[in-house]
Structure formats: C-alpha cells, structure tokens
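K.L.:
The opening residue of the first sequence carries number 1 in the UniProt record's numbering; numbering runs sequentially from there.
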Amino acid sequence: MSSFDEMDAFEGASLSARAMAARPSPYLDSLNPAQREAVERLDGPVLMLAGAGTGKTKALTARIVHLLNTGRARPNEILAVTFTNKAAREMKTRVGQMLGETVEGMPWLGTFHAICVKLLRRHAELVELKSNFTILDTDDQLRLLKQLVAAEGIDDKRWPARMLSGIIDDWKNRALTPEKVPAADAGAYNHKGPKLYAAYQARLRELNAVDFGDLLLHMVTIFQTHGDVLEQYQRWFRYILVDEYQDTNVAQYLWLRLLAAGHRNICCVGDDDQSIYGWRGAEVGNILRFEKDFPGAHVVRLEQNYRSTPHILAAASGVIKGNQGRLGKELWTEAEDGQKVRLIGHWDGDEEARWVGEEIEALQRGTRGQDPVSLDAMAILVRASHQMRAFEDRFLTIGLPYRVIGGPRFYERMEIRDAMAYFRLVVSPDDDLAFERIVNTPKRGLGDKAQQTIQVAARANGVSLLDGARIAVDKGLIKGKGGAALRELAEGLARWSGKLRGPLRESGVDADRVIDDEDRAVRMEHGPAEITHMELAEIILDESGYTAMWQNDKTPEAPGRLENLKELVKALEGFENLQGFLEHVSLIMDNSTEDAGEKVSIMTLHAAKGLEFPAVFLPGWEDGLFPSQRSMDESGVKGLEEERRLAYVGITRAEELCTISFAANRRVFGQWQSSLPSRFIDELPEDHVEVLTPPGLYGGGYGAAGLGGASSGLEARAAEANVYNSPGWRRLQARAAERPVSQPKESRTTVIDLEAVSAYTVGERVFHQKFGYGAVVGIEGDKLEIDFEKAGVKKVVARFIMAADDVPF
DNA sequence: GACCTGGGAATTTTT
DNA sequence: TTCCCAGGTC
1 MSSFDEMDAF EGASLSARAM AARPSPYLDS LNPAQREAVE RLDGPVLMLA GAGTGKTKAL
61 TARIVHLLNT GRARPNEILA VTFTNKAARE MKTRVGQMLG ETVEGMPWLG TFHAICVKLL
121 RRHAELVELK SNFTILDTDD QLRLLKQLVA AEGIDDKRWP ARMLSGIIDD WKNRALTPEK
181 VPAADAGAYN HKGPKLYAAY QARLRELNAV DFGDLLLHMV TIFQTHGDVL EQYQRWFRYI
241 LVDEYQDTNV AQYLWLRLLA AGHRNICCVG DDDQSIYGWR GAEVGNILRF EKDFPGAHVV
301 RLEQNYRSTP HILAAASGVI KGNQGRLGKE LWTEAEDGQK VRLIGHWDGD EEARWVGEEI
361 EALQRGTRGQ DPVSLDAMAI LVRASHQMRA FEDRFLTIGL PYRVIGGPRF YERMEIRDAM
421 AYFRLVVSPD DDLAFERIVN TPKRGLGDKA QQTIQVAARA NGVSLLDGAR IAVDKGLIKG
481 KGGAALRELA EGLARWSGKL RGPLRESGVD ADRVIDDEDR AVRMEHGPAE ITHMELAEII
541 LDESGYTAMW QNDKTPEAPG RLENLKELVK ALEGFENLQG FLEHVSLIMD NSTEDAGEKV
601 SIMTLHAAKG LEFPAVFLPG WEDGLFPSQR SMDESGVKGL EEERRLAYVG ITRAEELCTI
661 SFAANRRVFG QWQSSLPSRF IDELPEDHVE VLTPPGLYGG GYGAAGLGGA SSGLEARAAE
721 ANVYNSPGWR RLQARAAERP VSQPKESRTT VIDLEAVSAY TVGERVFHQK FGYGAVVGIE
781 GDKLEIDFEK AGVKKVVARF IMAADDVPF
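(1) Quick one: grab the DSSP three-state call for Pro614.
(2) Among Gly468, Ala484, Ala458, which one has its Cα closest to the Cα of Lys443?
(3) Whole angstroms is fine: what's the gap from Arg470's alpha carbon to Arg413's?
(4) With a CB to CB cut of under 6 Å and the five nearest residues on each side skipped, what residues in its chain are close to Gln387?
(5) Indicate whether the contact test is met: 3 or more Cβ pairs, each with one atom in the stretch 110-124 and one in the stretch 265-285, closer than 8 Å.
(6) Within its chain, find whatever has a CB closer than 8 Å to the CB of Leu587; leave out the 5 residues flanking it on each side and keep chain order.
(7) Just the Cα atoms here: how many angstroms apart are Thr397 and Asp371?
(8) What distance in whole Å lies between the Cβ atoms of Trp255 and Glu77, which are believed to be in contact at a cut-off of 8 Å?
(9) According to the neighbour-count rule (16 or more other Cβ atoms, all chains shown, within 10 Å of its Cβ), is Ser16 buried or exposed?
(10) DSSP state of Phe395, grouped into three classes?
(11) Is Arg666 closer than 8 Å to Asp348 when the C-beta atoms are compared?
(12) Mapping DSSP to helix, strand and coil, what is Ser385?
(13) If you reduce the DSSP assignment to three classes, tell me which class Thr134 lands in.
(14) Roughly how many whole angstroms lie between the Cα atoms of Ala460 and Ile540?
(15) What residue does the alpha helix (DSSP H) around Ala654 start on, and which one ends it?
(16) Indicate the three-state DSSP secondary structure (helix, strand or coil) for Ala188 in the structure shown.
(17) Going by beta-carbon coordinates alone, are Arg264 and Gly44 separated by less than 8 Å?
(18) Considering Cα atoms alone, identify which of Val250, Val777, Leu692, Leu288 is closest to Gln274.
(19) Under the rule that 16 or more other beta-carbon atoms within 10 Å means buried, what is Ser544, buried or exposed?
(20) Are Ala615 and Met378 touching if we call contact CB-CB under 8 Å?
(21) With a threshold of 16 other CB atoms inside 10 Å of the CB of Gly498, please say whether the residue is buried or exposed.
(22) Grab the span of the beta strand (DSSP E) containing Trp672 for me, first residue to last.
(23) Hey, how far is the Cα of Val39 from the Cα of Arg238?
(24) Any chance you could list the alpha helix (DSSP H) runs of at least 4 consecutive residues sitting entirely within the stretch 69-142, in chain order?
(25) So Leu67 and Arg301 are supposed to be a Cβ contact under 8 Å. How far apart are they, rounded?
(26) Any chance the stretch 311-325 sits against the stretch 681-688, with 3 or more Cβ pairs inside 8 Å?
(27) Flag this pair as yes or no: are the beta carbons of Gly468 and Ala458 separated by less than 8 Å?
(28) Determine the extent of the beta strand (DSSP E) in which Ile312 is found, giving its start and end residues.
(29) Looking only at C-alpha atoms, which of Ala654, Leu400, Gly447 sits nearest to Glu598?
(30) Go ahead and label Ser30 buried or exposed: buried means 16 or more other beta carbons lie within 10 angstroms of its beta carbon, across all protein chains shown.
(31) Considering only residues of the same chain and omitting the five flanking positions on each side of residue 812, which have a CB-CB separation below 6 Å?
(32) What is the rounded straight-line gap between the Cα of Asp185 and the Cα of Asp169?
(33) Alpha carbon to alpha carbon, what distance is there between Val427 and Gly462?
(34) Scan the stretch 260-289 and note each continuous beta strand (DSSP E) run of 3 residues or more that stays entirely inside, going in chain order.
(35) Might you give, ordered along the chain, the residues of its own chain that have their beta carbon closer than 7 Å to the beta carbon of Leu611, omitting 5 neighbours on each side?
(36) Using the C-alpha atoms, what's the distance from Gly270 back to Gln201?
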C-alpha cells in the first residue's frame with residue numbers, strides 16, 4: 001500500500017521539521033488502511049463513506065489531529081460541523097484525548113446552528129437585524145404564527161398554525177426566502193402561505209428575532225449577496241469537515257458549498273444508507289451527488305465493521321440491497337459468526353411485549369446459554385413512539401426497569417420555558433414574546449382584556465410590551481388587583497435587571513476583527529458583583545411568585561417541576577452569567593437527566609441512530625407500521641426506501657444479538673387490526689436468520705401470526721421445523737411477491753367483522769387465543785361477551801373467537 | 001379563572 | 001381508545 005510510504009514520509013518530515021517530535025502520533029497507528037487513507041488525504045474534496053460501526057468518528061477526529069500535527073491549519077482555521085451538540089462534544093473530547101491536551105481554540109467545531117449564530121451575530125446588520133437578536137424556540141414561533149394567522153382571519157381549525165409552521169420550516173430548509181418561494185408552492189396553506197411567510201419574517205425582524213431555520217437561511221443570504229464577507233471566510237477556513245453529510249438539507253448544502261469554494265478542502269463524512277431524515281428536509285441527493293458537486297473528489301469507503309457479528313451484518317445488507325441508487329458499500333468484519341438474527345411472530349402486540357420482557361429477563365439471568373447481559377446492554381427500538389406503551393405497561397407489571405430515550409426534553413418542559421422567559425425578560429426587557437409568556441404566569445388577574453390594553457399602549461407609544469405595561473399602569477388603564485400585580489411585576493423586572501452583572505453587548509460589530517481564537521463578540525463589563533447569577537435566578541423565580549405557584553399546585557407533576565427548576569438553577573453554575581446561559585440554551589436542548597441504575601432502553605429507531613447495544617429487539621415489523629403506511633402513501637418509493645434505511649439502521653445497532661418480531665394483531669386507536677409481516681422480513685437473507693417458535697397455545701410461527709386463518713396442522717409442523725421450509729412460509733413468500741408496492745389501506749386492514757359475530761349464539765362454548773375456554777353470555781355489536789373459565793367475563797372481538805369444537809388440539 | 005365537554009387526531013425530531 | 005386542545009360555562 002503506497003499510502004504507507006507517503007505516510008512515513010509525512011511522519012518523517014514532521015518529526016524532523018518541527019517540535020512535533022515531542023508529540024507521538026499513535027492515532028495513525030491504530031487506524032485501518034481505509035481509515036488511514038481518509039485521514040491522510042488532506043487536500044481536495046474527500047467523501048468518507050462510513051458504514052455503520054466502521055469507526056467514523058475515530059477517523060474524523062484523527063483527521064483533525066492530523067491537520068493540526070502536520071501544521072496544515074491552526075485550530076481556528078478548521079471548520080468542523082456536526083448536527084447535534086452531542087456529536088460536537090464527543091468530537092471535541094476525542095480530539096483533546098488524541099492530542100493529549102485540552103483543545104483550546106477550536107472555535108469552529110460545532111453544530112451548523114451554533115456556528116451560524118456566531119457568524120450571524122457578526123453580520124446581523126446585513127439582514128436588518130441587531131447583533132443581539134434572540135433565537136425563538138418552536139413555542140414562540142408557533143405563538144407568533146398563531147397571531148398572524150388570526151390577524152389574517154383564517155379558520156385555525158381547517159388551517160392550523162402548526163401546519164404553516166411546517167411549511168415555513170420546509171421553505172427555510174430549502175433555503176427559500178419569501179421572495180424565492182416557487183410558484184408551485186403558491187397554493188400552500190390555503191394560498192396564504194407565501195404571504196404569511198413574508199409577514200412572519202417581517203415580524204421576526206421587528207422583534208429582532210430569528211428562528212432555527214433563519215440561522216442558516218440568513219447566513220446563506222449574506223454569503224450570496226455579500227461577496228466580500230463570503231470571501232473572507234472562504235479564505236479563513238482552510239479545511240472543512242462535515243459529519244453526517246447524508247442529513248444535510250439544501251440550506252446547509254449551499255452554505256457548505258459556498259464556504260468550500262475557496263480552498264476546496266472539504267471532507268464530508270456520511271452514509272447514504274443511514275439517511276433517515278428526509279421528512280425533515282435532509283437530501284440524500286447531497287451525498288449521492290458529491291462527486292459531481294466537487295469534481296476530482298476522492299471517495300474513501302470505510303467498510304470494516306467493528307460492531308456487529310457477520311450474521312447481523314449480512315441481515316442488514318440483505319435488507320438495504322433492496323434500495324436503488326446507493327453509493328454501495330459492503331460491510332465486513334473479522335468477528336466470530338455468533339448467533340443468527342432471530343425472528344419471531346406473535347399473536348398480538350401484548351404477547352409480543354410479554355415475550356420480549358421474558359426474553360430480556362432470561363438474557364439478564366444468563367439462561368439463554370450465554371453470559372448474563374446487563375439491562376443497559378439491551379434496547380428495544382420501535383418505529384413510532386406509540387409502540388412504546390405496550391412495553392412500558394408490560395415492564396411496569398413485571399417490575400423490569402426501563403428508560404425511555406427521547407421523551408420531552410428538559411428545556412422543552414413548560415416550567416423551564418417559563419423560567420427562561422423570566423430570565424430573558426430580565427436580560428432583554430424588550431423581549432415581547434417572553435413578556436407575553438409570563439405576564440399572567442403565575443396568574444395575576446391579567447386576562448385577555450388587560451393584555452390587549454397593554455398591547456395598545458405599547459403600540460401607541462412605539463415601545464416594548466413591558467414599557468407599554470408600565471404606561472398602562474401609570475395611566476390607570478388597568479385597575480384593581482391586576483393593575484397592582486402588573487406594577488409589581490414591572491418593578492420586579494426592573495429591580496432584577498439592575499442586579500444583572502456580566503457582559504453588556506457591544507453595539508456595532510466590526511467585521512475586520514472577525515476571526516480570532518476566541519470569539520469575543522461579547523465583551524465582558526463587570527459591574528459591582530453583589531450576587532451571583534444563580535442567586536439572581538432564584539430571586540427572580542421566588543419574587544415573581546413562580547416558585548410559589550408550583551408549591552401551591554397539588555397536581556402530581558408539581559414536585560417534579562420544582563425539582564426541574566432547581567435543576568435549571570444548578571445548570572447555571574457552568575456559566576459566567578445569565579446572558580451566556582441563555583445563548584447556550586437557545587441552541588442546546590439536551591436531555592440532561594441522566595438517571596442511574598441498570599435499565600433497558602426503549603426508543604425510536606430515529607433516536608437510536610449512532611448508538612449501539614449488545615442485544616437489540618426490533619418489534620412491530622408489520623407492513624403498514626414498519627414500513628409505515630403513511631410514509632409510503634406520502635412519498636411512494638422514496639418513502640419506502642427511507643423506511644428500509646431505517647430498518648438497516650435498526651439492525652446495525654446490534655452487536656451480538658438482534659431479535660426481530662411482529663404481531664398478527666394489534667390494537668390501533670382502539671380498533672383491532674391485523675396485518676402481514678413486514679416486507680422487510682421477506683428481504684432478510686434466510687441463511688442468517690433463525691426463526692423462533694413463539695410460546696403459547698398455537699405454537700406455530702407464521703401460520704398463527706401472519707396468515708390468520710391458517711390450518712392448525714401447519715402450525716404443529718412449524719413448531720418443529722424451520723419455518724422457512726414450511727408451506728406457510730412459502731405461501732407467505734408467494735403472497736409477498738404478488739403484493740403491489742403500495743396498497744390501499746383497506747386491503748390490509750381487517751375492518752370490524754359483523755359476520756363473525758353471527759356465527760355464535762349465547763350459551764355456546766368457545767375458545768380464545770389468550771383467555772382460553774369460556775361460554776358466550778352476550779353479543780354486542782361485533783363483540784362477544786364471554787365468561788371465561790380462567791379469565792372471567794370479558795368482551796372480545798368475535799374474530800378472535802372460535803367454537804370450542806373447532807379447536808384443533 | 002377553574003372546570004367541563006366535545007372534537008379531532010394519533011410517524012419519525014434536532015437545532 | 002386515549003389524549004390533547006379549544007371553547008364554552010359557571
């Protein structure tokens with residue numbers, strides 16, 4: 001391999017040439033040839049195609065270290081972008097570890113959004129903003145849109161503001177300013193979409209605010225319209241690295257292209273097979289087009305997998321093969337064969353949950369012929385969050401500790417947002433959205449009418465809502481209890497603002513001083529520091545009556561909310577002042593609650609991306625649920641392919657044991673629905689799959705599960721033999737082959753079946769899969785009321801009942 | 001302002 | 001079916 005010689009030359013050069021000699025480079029020795037190539041090919045465009053578990057982060061961080069060690073760039077000349085804060089943090093830590101010192105001054109390693117905030121603060125005036133603009137969260141955004149929608153006299157029922165918010169986000173993802181919205185989209189949101197989008201942008205400007213989408217959109221606009229600014233950054237960023245390139249949207253893509261046009265040293269890392277965010281604006285096309293976009297690009301494939309067993313990899317690659325237009329990768333590993341991917345069908349969702357629970361307990365105890373597995377090492381990955389419930393219910397009853405990943409985030413909780421609104425208002429008294437949020441929280445007797453009065457006063461005087469409120473109070477426009485409370489609030493805010501110490505933002509930003517090791521757009525101007533910002537935060541929450549509000553609340557959530565508020569104040573510790581904290585938090589929505597104790601993880605497939613577990617359960621592999629019917633209906637083949645990538649992501653999360661399951665029947669919105677096993681199951685390569693026999697009365701894989709009315713003899717055989725060779729399996733295959741790509745929902749859904757009811761008479765002895773034998777005591781709609789011998793009286797859908805005489809065993 | 005009731009929706013989610 | 005929100009009532 002010639003790159004070895006090159007590398008040696010490099011090493012030699014750097015050793016003799018610089019003080020680098022003191023710095024050994026073990027980071028290169030531990031790389032495999034492909035990783036090494038990806039690290040050492042420093043110049044020109046590079047696409048690092050990194051399959052799941054192939055050491056992508058390692059290569060990426062090694063590349064940064066290599067750039068530094070070879071003296072190609074100073075830390076602040078490297079632009080390294082990620083999508084999540086977690087990824088950014090990890091990269092920072094790992095670069096630090098590799099360098100054997102803390103990385104000071106990698107100011108441009110961060111998320112797209114964090115980096116854009118930094119840039120936009122410097123050039124805000126170019127898009128008619130002030131550099132201290134606020135960043136709205138989705139809550140604020142929606143509130144604003146609702147106001148605009150209401151002003152337009154639109155029926156909020158038929159055209160929810162949420163929908164508009166989605167449309168606008170979509171435009172922003174595509175880097176479309178209001179003027180650029182294409183004619184094809186003119187009809188959006190009852191033909192008012194484009195107009196409202198423009199109104200929304202105008203309102204944001206008035207408020208000196210931006211939303212998340214704007215951060216990128218504004219920067220792209222600035223780069224496109226101010227060549228001098230762009231050029232400056234093009235020159236500065238000698239090397240650009242991008243993580244998860246397959247997830248970039250149009251705006252991010254344009255942003256990168258513009259910046260990379262200078263030195264052309266852009267290295268994008270990604271995996272087209274793991275692109276699962278198309279619905280959020282991500283364009284797989286970006287990564288597929290890379291070589292066209294960046295002529296002369298060098299493509300490196302990382303294909304050696306360090307995570308999973310060969311069986312798991314084979315199963316994953318069998319599935320992903322069904323996708324067209326892939327860049328193509330074949331993962332391989334040196335690992336031992338291990339266990340095949342396990343496949344099991346169940347009668348219904350409850351049984352599936354029960355089985356998974358038992359299986360987890362067995363693995364934990366080590367009674368599956370293996371070493372005991374920690375609960376932390378196991379995960380259940382579902383397609384949609386509502387699937388989690390069956391597992392949670394089950395695990396609660398059997399006392400199996402679990403954690404749900406990706407619930408409501410800490411900073412999205414109501415109490416946190418309220419508290420933050422207070423802080424925001426103390427820091428920037430003209431933050432009208434924050435004012436609106438807390439003016440009557442806690443209740444101050446300021447209803448709609450009082451708030452309207454404030455609005456009018458503010459508008460008439462051309463001041464902020466807070467000042468408007470002061471005027472309204474002074475003029476006696478708001479009387480009584482409300483007026484007094486409002487006065488108190490206004491006085492409180494003034495008092496707290498007075499206690500604020502820390503930076504006052506410089507007005508005016510000079511573009512020449514732009515790039516420095518540490519970004520000092522914010523200058524510190526410490527006033528007399530009587531109290532810490534943590535104390536101030538507590539004072540604000542106490543004196544405003546906010547803490548008391550929750551203390552007096554007797555709902556079961558109240559203690560938790562108070563706990564969260566304490567947590568919030570604690571989180572302030574890491575910051576110099578309130579301002580710094582607010583800036584940080586507007587971009588970081590981390591789920592900070594790390595709870596202790598061994599627990600099974602339950603999460604969506606999306607949330608699982610980037611994670612790995614020794615044992616993974618993939619339940620709910622039924623057509624319509626996974627792949628999701630909606631996805632296929634809305635996006636056709638494209639949607640199906642994204643679902644398939646999701647399946648690929650799911651399987652490749654598993655290190656040693658991967659268990660896929662499906663249920664023949666599931667309760668969906670209160671209705672029983674039966675469905676066929678997922679078409680992805682048909683795509684699993686037979687040789688790498690072991691079909692398990694579910695426990696229970698029926699005892700037979702597919703017959704019982706997939707084919708509904710299959711005969712009992714078949715199940716008996718299936719219990720012993722490999723189901724792949726059984727007629728049931730063959731029949732399933734045949735059926736799958738006939739199945740059109742997209743089927744109308746009805747054909748897969750068994751609707752209530754009244755005929756089934758009429759087959760039974762009161763007093764008849766019947767059998768039910770789950771409850772056993774019983775007697776019919778009543779008939780109601782499509783349900784039978786049955787007195788079961790073991791389970792007591794229950795109402796059951798007739799379809800799941802058979803006459804006792806027909807029971808085959 | 002607290003409470004109740006009816007309608008409508010019920011993939012995936014980071015910043 | 002269940003949950004959430006909006007709107008109405010007291």
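For each residue, glycine too, the CB sits at the ideal point set by N, CA and C. Model, not experiment: these values are computed from the prediction.
P.N.:
Quick answer:
(1) Taking the first sequence and counting its residues from 1, one reaches residue 614 at position 614. Note: Pro614 maps to strand in three-state DSSP.
(2) Mapped onto the first sequence, residue 443 falls at position 443. The alpha carbon of Lys443 has as its nearest neighbour, out of Gly468, Ala484, Ala458, the alpha carbon of Ala484.
(3) Here residue 470 refers to the residue found at position 470 when the first sequence is read from its first residue. Here residue 413 refers to the residue found at position 413 when the first sequence is read from its first residue. Rounded to whole angstroms, the gap between the alpha carbons of Arg470 and Arg413 is 30 Å.
(4) Here residue 387 refers to the residue found at position 387 when the first sequence is read from its first residue. If we look at Gln387 and ignore the five residues flanking it on each side, its Cβ neighbours are Gly620.
(5) Flag = no, the stretch 110-124 and the stretch 265-285 do not touch.
(6) For the purposes of this step, residue 587 is taken as the residue at position 587 of the first sequence. These residues qualify, in order along the chain: Asn85, Thr111, His113, Ala114, Val117, Ile135.
(7) By 1-based counting over the first sequence, the position of residue 397 is 397. By 1-based counting over the first sequence, the position of residue 371 is 371. In a straight line, the C-alpha of Thr397 is about 26 Å away from that of Asp371.
(8) For the purposes of this step, residue 77 is taken as the residue at position 77 of the first sequence. For the purposes of this step, residue 255 is taken as the residue at position 255 of the first sequence. Not quite, the Cβ-Cβ distance comes to about 18 Å (not below 8 Å), so this is no contact.
(9) Position 16 of the first sequence, counted from the first residue, corresponds to residue 16. Residue placement at Ser16 is flagged as unreliable, the pLDDT there being 31, under the threshold of 50; a coordinate-derived value is accordingly withheld.
(10) Within the first sequence, residue 395 is the residue found at index 395, counting from 1. Phe395: helix per DSSP, three-state reduction.
(11) Indexing the first sequence from 1 puts residue 348 at position 348. Indexing the first sequence from 1 puts residue 666 at position 666. Cβ atoms of Asp348 and Arg666: closer than 8 Å.
(12) For the purposes of this step, residue 385 is identified with residue 385 of the first sequence, where counting begins at 1. Correct three-state label for Ser385: helix.
(13) As a working note, residue 134 is residue 134 in the first sequence. It is a strand residue.
(14) One-based indexing of the first sequence puts residue 460 at position 460. One-based indexing of the first sequence puts residue 540 at position 540. So the two alpha carbons sit approximately 29 Å from each other.
(15) Reading the first sequence from its first residue, position 654 is the one you call residue 654. Careful: Ala654 lies outside any alpha helix (DSSP H), inside the beta strand (DSSP E) at 654-668.
(16) Taking the first sequence and counting its residues from 1, one reaches residue 188 at position 188. Here DSSP, grouped into helix, strand and coil, assigns Ala188 to coil.
(17) Start at 1 with the first residue of the first sequence, and residue 264 comes out as number 264. Start at 1 with the first residue of the first sequence, and residue 44 comes out as number 44. In contact: Arg264 and Gly44 (Cβ atoms closer than 8 Å).
(18) Counting from one through the first sequence, the residue named residue 274 turns up at place 274. Of Val250, Val777, Leu692, Leu288, the residue nearest in Cα terms is Leu288.
(19) Within the first sequence, the letter at position 544 stands for residue 544. If you draw a 10 Å sphere on the C-beta of Ser544, you find 16 or more other C-beta atoms in it, and that means buried.
(20) The sequence position of residue 615 within the first sequence is 615, counting from 1. The sequence position of residue 378 within the first sequence is 378, counting from 1. Against a cut-off of 8 Å, the Cβ pair of Met378 and Ala615 comes out as a contact.
(21) Locating residue 498 in the first sequence gives position 498, counting from the first residue. With fewer than 16 Cβ atoms within 10 Å of its Cβ, Gly498 is classed as exposed.
(22) Here residue 672 corresponds to residue number 672 of the first sequence, with the count starting at 1. Per DSSP, Trp672 belongs to the beta strand (DSSP E) from 671-674.
(23) Within the first sequence, the letter at position 39 stands for residue 39. Within the first sequence, the letter at position 238 stands for residue 238. Straight-line measurement puts the Cα of Arg238 at about 16 Å from the Cα of Val39.
(24) Correct list: 85-99, 112-123.
(25) As a first step, residue 67 must be located in the first sequence, where it is residue number 67. As a first step, residue 301 must be located in the first sequence, where it is residue number 301. That pair is no contact at about 21 Å.
(26) By the Cβ test, the stretch 311-325 is in contact with the stretch 681-688, since at least three Cβ pairs between them sit closer than 8 Å.
(27) Here residue 468 corresponds to residue number 468 of the first sequence, with the count starting at 1. Here residue 458 corresponds to residue number 458 of the first sequence, with the count starting at 1. In this structure, Ala458 lies closer than 8 Å to Gly468 by Cβ.
(28) Indexing the first sequence from 1 puts residue 312 at position 312. Taken as a continuous stretch (DSSP letters only), Ile312 belongs to no beta strand (DSSP E), being part of the alpha helix (DSSP H) at 310-320.
(29) Position 598 of the first sequence holds residue 598. Closest by alpha carbon: Leu400.
(30) The residue given as residue 30 occupies position 30 in the first sequence. That one is exposed.
(31) Residue 812 lies beyond the stretch modelled for the chain, which goes from 1 to 809, so this question has no answer here.
(32) The count along the first sequence starts at 1 and reaches residue 185 at position 185. The count along the first sequence starts at 1 and reaches residue 169 at position 169. Taking the straight line from one Cα to the other gives about 13 Å.
(33) Along the first sequence, one-based indexing puts residue 462 at 462. Along the first sequence, one-based indexing puts residue 427 at 427. About 20 Å.
(34) Within the stretch 260-289, the runs of beta strand (DSSP E) that reach at least 3 residues and sit entirely inside it are, in chain order, 266-270.
(35) Mapped onto the first sequence, residue 611 falls at position 611. The answer, listed in chain order, is Arg653.
(36) The residue you call residue 201 lines up with position 201 of the first sequence. The residue you call residue 270 lines up with position 270 of the first sequence. One alpha carbon belongs to Gln201, the other to Gly270, and they sit about 33 Å apart.
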